[in-house]
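Comments concern the structure below.
There are 4 protein chains.
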Amino acid sequence: MSVRESVEISGHLMDHGILSRVLNDIREYAGDYVIDRFDVGRETDDPSRALITVIADDDPSLQRLLMRLQTRGVNQVDPGEAEVAVAEQDGVLPEFFYSTTNLETRVRVEGTWLEVGNPEMDCGLILERDESGTPARVYTLPMSDVRAGMEVICGASGIRVTVPVPDKSAEAFGFMESEVSSEKPQAVLVRQVADGMREAKQQGKKVLWVGGPGVVHTGAAPAMVAMVEAGFVDVLFAGNALATHDIESSLFGTSLGIDLAEGRGVEHGHEHHIRALNTIRKQGSIRAAVENGVLTGGIMHSLVTHDREFVLVGSVRDDGPLPDVHTDVIEGQRAMRAKLPDVGFCLMVATMLHSVATGNILPASVPLVCVDINPATVTKLADRGSSQARGIVTDVGLFLEQLAVELVPDYRRG
Amino acid sequence: MSVRESVEISGHLMDHGILSRVLNDIREYAGDYVIDRFDVGRETDDPSRALITVIADDDPSLQRLLMRLQTRGVNQVDPGEAEVAVAEQDGVLPEFFYSTTNLETRVRVEGTWLEVGNPEMDCGLILERDESGTPARVYTLPMSDVRAGMEVICGASGIRVTVPVPDKSAEAFGFMESEVSSEKPQAVLVRQVADGMREAKQQGKKVLWVGGPGVVHTGAAPAMVAMVEAGFVDVLFAGNALATHDIESSLFGTSLGIDLAEGRGVEHGHEHHIRALNTIRKQGSIRAAVENGVLTGGIMHSLVTHDREFVLVGSVRDDGPLPDVHTDVIEGQRAMRAKLPDVGFCLMVATMLHSVATGNILPASVPLVCVDINPATVTKLADRGSSQARGIVTDVGLFLEQLAVELVPDYRRG
Amino acid sequence: MSVRESVEISGHLMDHGILSRVLNDIREYAGDYVIDRFDVGRETDDPSRALITVIADDDPSLQRLLMRLQTRGVNQVDPGEAEVAVAEQDGVLPEFFYSTTNLETRVRVEGTWLEVGNPEMDCGLILERDESGTPARVYTLPMSDVRAGMEVICGASGIRVTVPVPDKSAEAFGFMESEVSSEKPQAVLVRQVADGMREAKQQGKKVLWVGGPGVVHTGAAPAMVAMVEAGFVDVLFAGNALATHDIESSLFGTSLGIDLAEGRGVEHGHEHHIRALNTIRKQGSIRAAVENGVLTGGIMHSLVTHDREFVLVGSVRDDGPLPDVHTDVIEGQRAMRAKLPDVGFCLMVATMLHSVATGNILPASVPLVCVDINPATVTKLADRGSSQARGIVTDVGLFLEQLAVELVPDYRRG
Amino acid sequence: MSVRESVEISGHLMDHGILSRVLNDIREYAGDYVIDRFDVGRETDDPSRALITVIADDDPSLQRLLMRLQTRGVNQVDPGEAEVAVAEQDGVLPEFFYSTTNLETRVRVEGTWLEVGNPEMDCGLILERDESGTPARVYTLPMSDVRAGMEVICGASGIRVTVPVPDKSAEAFGFMESEVSSEKPQAVLVRQVADGMREAKQQGKKVLWVGGPGVVHTGAAPAMVAMVEAGFVDVLFAGNALATHDIESSLFGTSLGIDLAEGRGVEHGHEHHIRALNTIRKQGSIRAAVENGVLTGGIMHSLVTHDREFVLVGSVRDDGPLPDVHTDVIEGQRAMRAKLPDVGFCLMVATMLHSVATGNILPASVPLVCVDINPATVTKLADRGSSQARGIVTDVGLFLEQLAVELVPDYRRG
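Residue numbers (full-length UniProt numbering), protein chains in the order written: chain A, 1 to 414; chain B, 1 to 414; chain C, 1 to 414; chain D, 1 to 414.
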């Protein structure tokens with residue numbers, strides 16, 4: 001016996017290979033399909049629309065498959081009503097909870113469509129009611145924050161997602177359409193990132209940076225400081241390493257002893273490193289170290305003096321850590337989430353761990369660029385279903401230098 | 001004006017390039033030196049001994065340089081007495097604290113040499129007295145665990161470190177000395193790792209594994225289960241990912257959808273992943289899931305049923321996490337440290353983050369092998385001054401398969 | 001003004017993303033399109049068929065675009081007749097020559113469809129007539145072998161290509177469909193390669209190996225020798241390095257001094273290397289060295305004693321080279337081409353240069369697997385439009401060891 | 001029984017780890033040693049000197065070991081007289097031929113010390129006499145160019161090599177000594193390369209570039225053209241690919257369709273590529289294409305119009321190739337060798353194959369910098385005993401852009 005459901009998807013289905021992926025998903029989940037109707041966009045700019053009957057062995061399999069397909073923007077033709085179940089335990093979702101995407105999502109509860117305010121992947125959807133018991137709000141919540149008694153959306157019914165339409169500027173990142181053939185690709189890339197940041201600022205949005213210690217090792221700290229001062233760094237997500245290396249460099253004025261030829265910095269066993277940590281711990285916080293005149297330069301100093309925000313989240317390999325570092329990673333994720341509203345552009349530089357962590361919680365609607373000299377880091381991000389992610393494999397030091405030249409009029413003039 | 005101190009180092013100074021590194025360190029710390037005496041080992045097996053006068057601009061610089069040189073096994077000719085200062089704040093070491101190495105260390109306090117029981121890099125040395133006020137014990141402590149009032153060793157005086165002598169079996173990892181030319185290098189490597197594990201077990205020591213999700217992705221879980229059952233995995237350090245992928249694979253019996261061609265697994269956006277986490281969270285722990293018959297196979301199941309130990313420490317990119325995961329990384333480090341006594345061999349497989357974390361806290365006396373398909377991970381470990389670290393760049397799946405064939409007589413016979 | 005042509009394509013257009021690539025190509029060539037009709041396969045196994053009008057600015061642009069689209073299996077609805085022009089210069093094709101794909105190709109000349117016997121990418125198509133002047137044969141020819149007076153097919157008319165249908169065994173390489181979830185992915189891969197070779201042999205076809213010096217460095221020479229003896233290596237394409245390292249290892253019985261930890265062998269500056277070359281040069285050929293009892297073991301020895309074929313083609317970084325090496329690369333390509341008839345399976349191991357060279361001349365109908373520890377090599381092959389290429393990122397030494405265990409019953413029993 | 005020889009080496013033996021490597025070599029060649037005397041440089045700048053007795057099983061082993069040690073700059077205390085044997089076959093050296101290093105070398109024949117004019121690795125040394133039969137000249141010759149009747153130096157006697165003293169500017173490439181801590185490492189590197197080129201030009205020497213197609217793919221062609229025009233490119237060594245991509249880009253004005261995100265260009269199956277080759281082949285040469293107005297821009301155009309030299313050497317994966325390409329690799333090596341006199345600086349960019357080929361034939365006295373985004377390429381070069389090689393792992397496009405800004409006053413002003 002088998003169960004079936006009609007689903008639909010529209011957009012530039014063939015241009016971007018979306019339909020291929022949808023059909024692959026169905027097979028991967030051991031399902032089957034019939035394409036009932038396919039209205040193909042005749043001309044280049046016309047959208048296509050497909051109606052597909054999805055078939056699975058039983059209802060649980062079908063529900064899972066439908067949830068999976070929603071990550072591609074596939075919705076049920078007749079969405080029906082969302083089902084709701086009550087969480088019985090803190091930190092645990094009901095068995096058939098709807099697992100979220102990072103796409104714009106609406107949920108129909110008791111006849112009303114509610115917009116999910118904070119799309120985030122791999123969360124549960126929590127229903128909140130007003131005093132009269134009327135459904136008032138649906139929001140994403142990671143399973144660790146679920147509390148017994150909360151109402152949770154279950155199954156795939158009553159839910160619609162919307163895949164963001166790639167706009168002109170996003171298209172530009174495709175690099176194939178570039179009309180000016182004599183242009184230098186690398187210069188084009190730098191300019192596109194600069195344009196993305198400027199546009200976000202013009203719309204009153206924040207620019208989020210996610211950085212690893214490579215920013216300091218490649219000598220890009222002065223470039224980043226210039227961009228902080230010029231207003232292009234509103235929030236920084238990082239770990240203990242970026243901040244410590246930056247502070248160590250400021251406190252001890254040392255050449256960091258980087259072996260550039262092999263692309264690796266001397267992270268450990270470096271006595272300055274551990275002494276820098278102790279110095280800031282003594283002050284109580286990075287801000288205190290700045291205000292007490294102990295820390296007088298570098299990236300962290302400029303973030304403090306220009307009142308930018310930063311969230312440092314620790315990892316198991318940390319020394320110290322700095323007093324500002326969240327040692328509880330779940331607390332750290334919460335602190336990062338709290339900074340996401342109003343972010344309009346995100347640049348990830350030289351860090352796999354914090355880039356993936358940020359990609360996990362960022363809505364698909366935020367333009368996202370990942371820069372690293374290691375192709376694996378760039379690929380990893382792009383793999384994660386963040387359709388908005390663009391990767392640039394290049395030297396972080398030279399890239400940030402060029403970006404500062406592009407964004408900060410006086411950079412390197414003095 | 002300048003200050004100076006006589007130091008000495010002995011061993012196979014030239015064979016292993018140690019002296020080059022010592023002199024490089026001196027220059028890097030802006031110091032100078034005179035080689036006062038150099039007794040060279042005439043024949044291949046004779047040790048050499050060097051007496052060097054180290055010169056620095058001022059005493060703080062000299063003390064730092066001396067501490068740095070101790071990481072290479074260089075001691076003061078006249079070690080003198082250790083200085084002691086009292087910690088004034090929780091989590092902060094006194095200004096001139098001695099920053100530790102992972103080498104065997106002795107400290108002379110008030111005329112008595114005390115052995116440091118738990119060598120670990122980048123810690124402070126805490127002095128404990130007995131009831132009569134006599135120095136009784138010196139131990140390493142990470143700065144975050146320091147409490148006000150503790151007595152802390154400062155400066156470089158009164159301290160001697162000993163570099164482990166590479167024994168025959170360690171030499172074998174050099175691969176150059178292999179006498180049987182027709183041997184297959186890869187087979188030799190597998191056998192050497194197997195020998196290292198067997199030797200540790202014969203000495204009544206524990207074998208520590210540090211693993212990443214690649215163990216599951218490359219299909220090596222059955223091989224690892226066989227080695228757990230055969231008694232070659234006493235402790236596992238890992239993150240949320242290895243355990244979750246392993247459990248997901250057992251619960252859902254799914255092909256994991258690995259794109260082996262490009263060496264990457266589908267970590268995220270995979271609905272099974274998040275559902276596996278929720279299932280175990282509902283049970284309360286991995287052990288409970290095993291005991292309740294929910295989890296019936298895989299690596300974590302075999303660790304539980306064979307009463308092996310594991311420490312899972314989280315990271316900022318985790319979903320869930322599993323209820324057994326330490327979400328506070330400092331707590332996680334403490335939990336890892338607690339398992340180190342009696343470890344006699346350490347194998348690190350397919351994880352950069354947890355391998356570096358383990359390398360940070362492991363004494364230099366424990367043989368250590370790091371296996372990864374990514375040369376950068378292997379290099380990173382070897383860089384960290386763990387003179388005992390050996391790296392093997394190979395396919396994790398095939399390597400563990402071969403290791404199981406070597407260690408477990410019946411493996412692949414059934 | 002613009003020109004247009006009706007084209008068609010059929011197959012599993014959406015499953016494999018082919019249509020996306022076709023439309024991308026059109027845009028990349030500054031063309032436009034209208035999808036006139038799209039008959040979608042309703043059920044999973046039904047093929048789809050698309051009729052597309054392709055639009056370009058002028059006829060030369062259109063012809064180029066049509067040739068480009070043929071690399072995807074797109075043919076003109078009304079193919080018409082092939083145009084023919086005469087080459088005016090040795091080594092130069094007429095201006096609008098048809099640039100070939102590696103797909104099965106038929107050409108209609110003067111009313112007759114002729115099958116191209118030896119499909120190869122990026123060649124010209126030469127028309128041969130019988131004594132009566134009737135078109136008798138069309139074959140691919142690289143531009144360097146063109147002679148003045150030859151008749152060459154021009155433009156995109158009169159040509160049909162056929163994309164190979166991925167059969168079940170090829171599908172298996174997709175790795176996603178594997179039904180046996182408890183299987184070890186790496187073991188599955190080894191078995192699939194073994195199956196591919198066995199199938200080729202059963203069909204009376206030859207197995208072609210393309211190898212780099214890593215085969216010797218990783219200790220896989222004994223495994224390869226066993227497979228030569230067992231009949232699974234009919235032809236070897238390689239460079240000077242594989243053969244020289246293999247011979248050096250046999251002549252001098254030396255440990256090769258491989259630094260396995262960092263995955264690199266000592267290629268140069270190694271006095272044995274240059275002396276091995278001189279020894280074989282003195283003999284006049286590898287075969288002579290074998291027959292004179294100078295060379296008594298290794299891969300090259302087993303190829304000679306078992307009468308297998310090999311083609312060694314040199315490169316600019318070669319020492320020596322061995323007397324059997326083609327120092328002229330165009331001659332080398334010709335020698336390689338001469339061995340292609342009847343090849344039914346191709347395994348490429350540990351070489352970028354010779355793998356790409358072989359991929360250039362191999363018909364798309366030959367199953368092709370590329371094994372390397374470096375993902376870049378594997379990706380490069382897969383990029384080159386060889387739709388039949390499968391890549392495996394793994395350790396070459398362990399992989400060949402496992403392959404020998406799979407293919408050779410007595411291997412490792414002795 | 002065993003044989004022994006006294007050897008000596010002097011210099012900064014410990015600082016640079018040379019002595020470690022010498023002793024490793026002795027063990028690797030199954031020899032033994034006694035250090036008879038070791039005069040250690042007391043202060044930082046003093047050289048050290050070691051007298052070592054080297055022991056081997058028999059004379060051939062000893063001779064080989066002594067030749068090996070000469071690659072490290074180790075000479076016999078009593079060099080004695082060189083032995084000479086006559087080559088009996090074309091292309092074959094006598095059995096105990098001396099295998100050369102790329103170091104400055106002198107040979108004592110019949111009482112006279114002769115300087116080797118063209119040091120090159122892995123060659124034979126040929127003795128030339130004047131009309132009176134007096135030894136007049138000793139020069140390196142690759143074994144393929146040896147002719148029967150030539151007199152060849154054999155064994156290790158009568159030969160002295162000199163390791164170049166790293167001068168201040170070379171030291172600077174060490175990157176550790178940099179005094180200005182706030183400097184950006186990447187900017188420092190660019191400036192050092194620029195300084196090396198300027199210095200070579202001031203000394204009337206030539207600057208040699210070795211380049212791969214990545215120069216074009218990363219958009220660095222305009223930067224390189226500017227440096228050609230400014231006189232900083234005297235000779236270019238490359239393959240068919242760099243020249244063809246550059247020409248294709250000029251002829252067709254196309255965006256090259258580079259997938260920068262993944263760092264790979266579309267090399268093949270690209271119809272423009274094969275058509276560009278045909279166009280130049282029709283002209284007969286790149287120069288003819290420039291003179292006939294067919295080729296009007298790009299790197300190759302600027303080399304021709306500014307009368308710079310280039311040597312293109314083919315490989316087995318080439319299409320076409322361009323008419324200027326040496327298809328015989330041994331001929332190609334000869335053509336490259338002919339351009340080496342007066343080269344005073346060498347920059348290798350984005351090519352493994354041609355970089356290794358150039359490293360093989362370049363004297364150790366020529367400063368050499370290798371730039372690539374792939375650490376493996378950089379490491380490979382540095383491994384090959386070219387003590388003068390410096391590697392920079394960075395983005396080729398941004399690096400050349402910055403180098404042009406540094407070297408060409410008006411670059412990017414227009």
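Ideal placement from N, C-alpha and C gives every residue a C-beta, glycine not left out.
For residue i, does the count of other Cβ atoms within 10 angstroms reach 16, so buried, or fall short, so exposed?
{"i": "residue 210 (chain C)", "result": "buried"}
{"i": "residue 300 (chain D)", "result": "buried"}
{"i": "residue 132 (chain C)", "result": "exposed"}
{"i": "residue 355 (chain D)", "result": "buried"}
{"i": "residue 216 (chain C)", "result": "buried"}
{"i": "residue 219 (chain B)", "result": "buried"}
{"i": "residue 2 (chain B)", "result": "exposed"}
{"i": "residue 296 (chain B)", "result": "exposed"}
{"i": "residue 292 (chain D)", "result": "exposed"}
{"i": "residue 389 (chain D)", "result": "buried"}
Our contact map puts residue i next to residue j with C-beta atoms below 8 angstroms; I'd like the distance itself, whole angstroms only.
{"i": "residue 50 (chain C)", "j": "residue 103 (chain C)", "result": "Contact flag wrong, Cβ pair sits at about 18 angstroms."}
{"i": "residue 154 (chain C)", "j": "residue 85 (chain C)", "result": "5 angstroms"}
{"i": "residue 418 (chain D)", "j": "residue 230 (chain D)", "result": "Absent from the structure is residue 418 (chain D), since the part of chain D shown begins at 1 and ends at 414."}
{"i": "residue 371 (chain D)", "j": "residue 349 (chain D)", "result": "5 angstroms"}
{"i": "residue 77 (chain A)", "j": "residue 8 (chain A)", "result": "5 angstroms"}
{"i": "residue 91 (chain A)", "j": "residue 143 (chain A)", "result": "6 angstroms"}
{"i": "residue 31 (chain D)", "j": "residue 55 (chain D)", "result": "6 angstroms"}
Between residue i and the rest of its own chain, which residues show a CB-CB distance below 8 angstroms, the 5 nearest in sequence each way excluded?
{"i": "residue 336 (chain B)", "result": "237, 311, 313, 357, 358, 361"}
Which same chain residues end up closer than 6 angstroms to residue i when comparing Cβ atoms and leaving out the 5 residues on each side of it in sequence?
{"i": "residue 150 (chain C)", "result": "87, 126"}
Starting from the C-beta of residue i, find all residues in its chain whose C-beta is less than 7 angstroms away, skip the five residues before and the five after it, and write them out in chain order.
{"i": "residue 63 (chain C)", "result": "96, 155, 156"}
Check your understanding: So, do the stretch 190 to 198 of chain D and the stretch 114 to 125 of chain D have three or more beta carbon pairs nearer to each other than 8 angstroms?
Key -> no
Review point. Does the stretch 282 to 296 of chain A come close enough to the stretch 194 to 208 of chain A that 3 or more CB-CB pairs lie under 8 angstroms?
Key: no
Review point. What alpha helix (DSSP H) runs, 4 residues minimum, are completely inside the stretch 45 to 117 of chain A?
Key: 59 to 70
Point to revise | Contact between the stretch 229 to 246 of chain D and the stretch 305 to 317 of chain D (3+ Cβ pairs under 8 angstroms) | key: yes
Review point. Three or more C-beta pairs closer than 8 angstroms, one from the stretch 137 to 154 of chain C and one from the stretch 73 to 85 of chain C: is that the case here?
Key: yes
Check your understanding: So does the stretch 29 to 41 of chain B actually touch the stretch 393 to 408 of chain A, counting three or more Cβ pairs closer than 8 angstroms?
Key -> no
Point to revise | Completely contained alpha helix (DSSP H) runs for the stretch 283 to 370 of chain A, where each covers 4 or more residues | key: 286 to 291, 299 to 305, 329 to 338, 353 to 361
Review point. Any contact of the stretch 88 to 103 of chain B with the stretch 123 to 143 of chain B, i.e. 3+ C-beta pairs under 8 angstroms?
Key: yes
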